[in-house]
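One rule links them: number in the numbering used here = place in the sequence shown (from 1) + 1335. Using N, Cα and C, we set each Cβ at its ideal position, and we do this for glycine too. Predicted model only: the values in this text are computed from it and were never measured. Reading through the structure tokens given below for one structure.
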Amino acid sequence: MKYDDASWHSEGDYPEDLSPDAAATHIGMFLAWAWRHDLGSASSEPHRDEVMREADTPGQLLLRHCDGMLTDEELNPLGNRFAAYYYGADDLMYYRDLDAIFGRELDCLYRMKDDSRTYRRIEPKLTQRLREFSGL
1336 MKYDDASWHS EGDYPEDLSP DAAATHIGMF LAWAWRHDLG SASSEPHRDE
1386 VMREADTPGQ LLLRHCDGML TDEELNPLGN RFAAYYYGAD DLMYYRDLDA
1436 IFGRELDCLY RMKDDSRTYR RIEPKLTQRL REFSGL
């Protein structure tokens, strides 16, 4: 199952002044968080160290290792259940949370900076949502 794809965002009503790579940032933030929180699949394990060391930005991680796509292949069973609930749900909970965090600062989601500072702002909300989901 494909949850998201940077190419879905970098076409159409996409800011002309941004690189298509900017469409990977929000997806990469979720992927980096999932891999850091033991929600990655066995095939993602070789890349976990890179994530922990912040060797690459989340967006670049997604582009380099996942061809710009977040799919069920990158996540373990719990990660996929959570992604389907939170990221892939019809109510767009992930996007609503991003808007709550960055909406006043940015005119669009694609202007989020692809860096560790942005990740640290998103991480607590993702962790909170996982706790709510899993009842912890």
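CB of residue i within 8 Å of CB of residue j, strictly
{"i": "residue 1376", "j": "residue 1411", "result": "yes"}
{"i": "residue 1396", "j": "residue 1424", "result": "no"}
{"i": "residue 1359", "j": "residue 1403", "result": "yes"}
{"i": "residue 1454", "j": "residue 1387", "result": "no"}
{"i": "residue 1444", "j": "residue 1338", "result": "no"}
{"i": "residue 1468", "j": "residue 1429", "result": "no"}
{"i": "residue 1456", "j": "residue 1436", "result": "yes"}
{"i": "residue 1374", "j": "residue 1417", "result": "yes"}
{"i": "residue 1449", "j": "residue 1393", "result": "yes"}
{"i": "residue 1409", "j": "residue 1401", "result": "yes"}
Simplified DSSP state of residue i, which is helix, strand or coil
{"i": "residue 1349", "result": "coil"}
{"i": "residue 1470", "result": "coil"}
{"i": "residue 1438", "result": "coil"}
{"i": "residue 1410", "result": "strand"}
{"i": "residue 1375", "result": "strand"}
{"i": "residue 1380", "result": "helix"}
{"i": "residue 1448", "result": "coil"}
{"i": "residue 1423", "result": "coil"}
DSSP beta-bridge partners of residue i
{"i": "residue 1340", "result": "1404"}
{"i": "residue 1396", "result": "Residue 1396 pairs with nothing; no bridge assigned."}
Minimum C-alpha distance to residue i - residue among the options
{"i": "residue 1452", "options": "1350, 1391, 1341 and 1351", "result": "1391"}
{"i": "residue 1342", "options": "1398, 1458, 1426 and 1428", "result": "1398"}
{"i": "residue 1361", "options": "1422, 1468, 1384 and 1389", "result": "1422"}
{"i": "residue 1459", "options": "1347, 1336, 1350 and 1369", "result": "1369"}
{"i": "residue 1351", "options": "1427, 1446, 1470 and 1462", "result": "1446"}
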